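Here's the structure, in structure tokens; my notes come after.
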Amino acid sequence: MLHSGISDIVFTLINNVQARPDCNVIISRCDAYEFLSESKSEIESITSKYYEIIATSSKYTGYTADITLSDMFDRITDSFGEPSAILGSVTSLNTSSSPTGPTSVDTDTIAGETTSNSGESSNASTNIDVVGLAVFKGDVLVGELTAMESLCHLILTNRMEECILSVPSPFDENSIIDLYITYEDKTKNSVELINGSPFISTNVHLNAKVLSASKTSNFFEEDNLNLVEEYANSYIQHEIENYLYKVSKEYGTDIDLFGRYAVKYFSTWDQWMDYNWLDNFQNAFFKVDAKIEVVSSYLIS
193 MLHSGISDIV FTLINNVQAR PDCNVIISRC DAYEFLSESK SEIESITSKY YEIIATSSKY
253 TGYTADITLS DMFDRITDSF GEPSAILGSV TSLNTSSSPT GPTSVDTDTI AGETTSNSGE
313 SSNASTNIDV VGLAVFKGDV LVGELTAMES LCHLILTNRM EECILSVPSP FDENSIIDLY
373 ITYEDKTKNS VELINGSPFI STNVHLNAKV LSASKTSNFF EEDNLNLVEE YANSYIQHEI
433 ENYLYKVSKE YGTDIDLFGR YAVKYFSTWD QWMDYNWLDN FQNAFFKVDA KIEVVSSYLI
493 S
């Protein structure tokens with residue numbers, strides 16, 4: 193963990209004409225030299241393009257978020273929320289392929305600990321992972337988020353584009369069902385102040401298509417689809433609630449920018465600053481209403 197803070201580094205980079213504000217920020221779990229020396233691809237010869245592919249993979253995986261230097265600078269100097277960064281590492285894998293579409297999200301996956309190919313590959317024995325998020329309190333690194341927690345962050349901030357979510361199967365306790373997830377409606381967040389403590393409500397409405405099937409799960413039948421939907425709703429609501437209480441209680445940091453919804457209760461800027469949202473966020477409690485509408489599949493409906 194970083195204890196000295198990174199604000200000086202961020203301020204220096206944002207003022208450096210050679211560093212573009214839209215370049216990505218990656219916090220490496222391994223030695224930075226090792227990460228950079230392994231960051232090369234056999235299929236992409238242009239270095240800038242290679243790094244761009246790594247960060248923008250979040251659009252179809254949900255593994256992490258596309259976080260830039262300007263994002264970090266804004267959050268460090270902001271009173272509405274706090275910074276996060278892409279989490280990266282080197283891992284050992286037996287594949288040299290890169291992801292080309294939506295990829296399944298494992299709940300506990302984090303950079304350097306993946307069991308499947310989730311990032312760019314440098315050769316047959318090493319791979320660069322960009323999985324999860326590094327979480328900051330102010331400019332100090334306080335924790336890490338897994339792939340599933342990163343997906344919850346994207347859903348709450350309306351930055352998810354598409355992903356594949358694996359949920360427990362209602363037909364076989366030892367199996368999972370893969371769902372292709374998109375938004376049905378944008379997530380709606382609201383904040384109330386009750387006795388000085390933030391009460392945060394979030395309404396999540398997703399659309400899902402079943403990608404996996406078996407003999408025991410006949411998705412022609414409406415009852416079976418309803419059962420999958422019930423399991424999916426329970427699963428995603430549980431994961432979002434756990435994520436919210438983790439970032440608020442364990443890390444005490446508002447990386448979802450809920451402060452933007454709370455500032456309206458303060459008549460003046462001085463009142464807002466005196467309230468100190470960034471410290472009061474750890475006293476927040478939450479109400480999550482998550483709904484996933486499941487259809488059978490692309491072809492079976």
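The sequence shown begins at 193 in our numbering and counts up one residue at a time. Every residue, glycine too, gets a C-beta built ideally from N, C-alpha and C. Note that the structure is predicted; figures quoted are calculated from it, not measured.
Coil, strand or helix - SER289 by DSSP: Any reading at SER289 must be qualified, since the residue scores a pLDDT of 43, below 50, and its modelled position is unreliable; no value is offered.
Cβ shell of VAL455 (< 6 Å), same chain only, five flanking positions each side left out: TRP464
For TYR423 and GLU365, the rounded distance between their alpha carbons: 12 Å
For GLU274, the three-state DSSP class (helix, strand or coil): coil
Rounded separation between ILE198 and ILE484 - CA only: 39 Å
Under the three-state DSSP convention, the category ASP263 falls into: helix
Inter-residue Cα distance where the pair is GLU230 and ILE320: Between GLU230 and ILE320, the alpha-carbon positions lie close to 7 Å from each other.
Cβ contact check for the region 265-279 and the region 438-451: 3 or more pairs under 8 Å: yes
Counted within 10 angstroms of its Cβ, other Cβ atoms place TRP469 as buried (16 or more) or exposed: buried
Residues near VAL334 by beta carbon distance below 8 Å, same chain, minus five either side: For VAL334, where only same-chain residues beyond five positions count, the Cβ hits under 8 Å are MET193, VAL327, PHE328, TYR443, GLY444, THR445.
Segment contact, 8 Å Cβ cut-off, at least three pairs: the region 356-365 with the region 256-269: no
Cβ neighbours of PHE458 in the same chain (closer than 7 Å, five flanking residues each side left out): TRP464, TYR467
Check whether VAL323 and THR338 have beta carbons under 9 Å apart: yes
Close beta carbons around HIS397, own chain, < 6 Å, minus the five adjacent residues each side: GLU376, ASP377, LYS483
Proximity winner among PRO390, ALA400, LEU417, relative to LEU436 (alpha-carbon distances): PRO390
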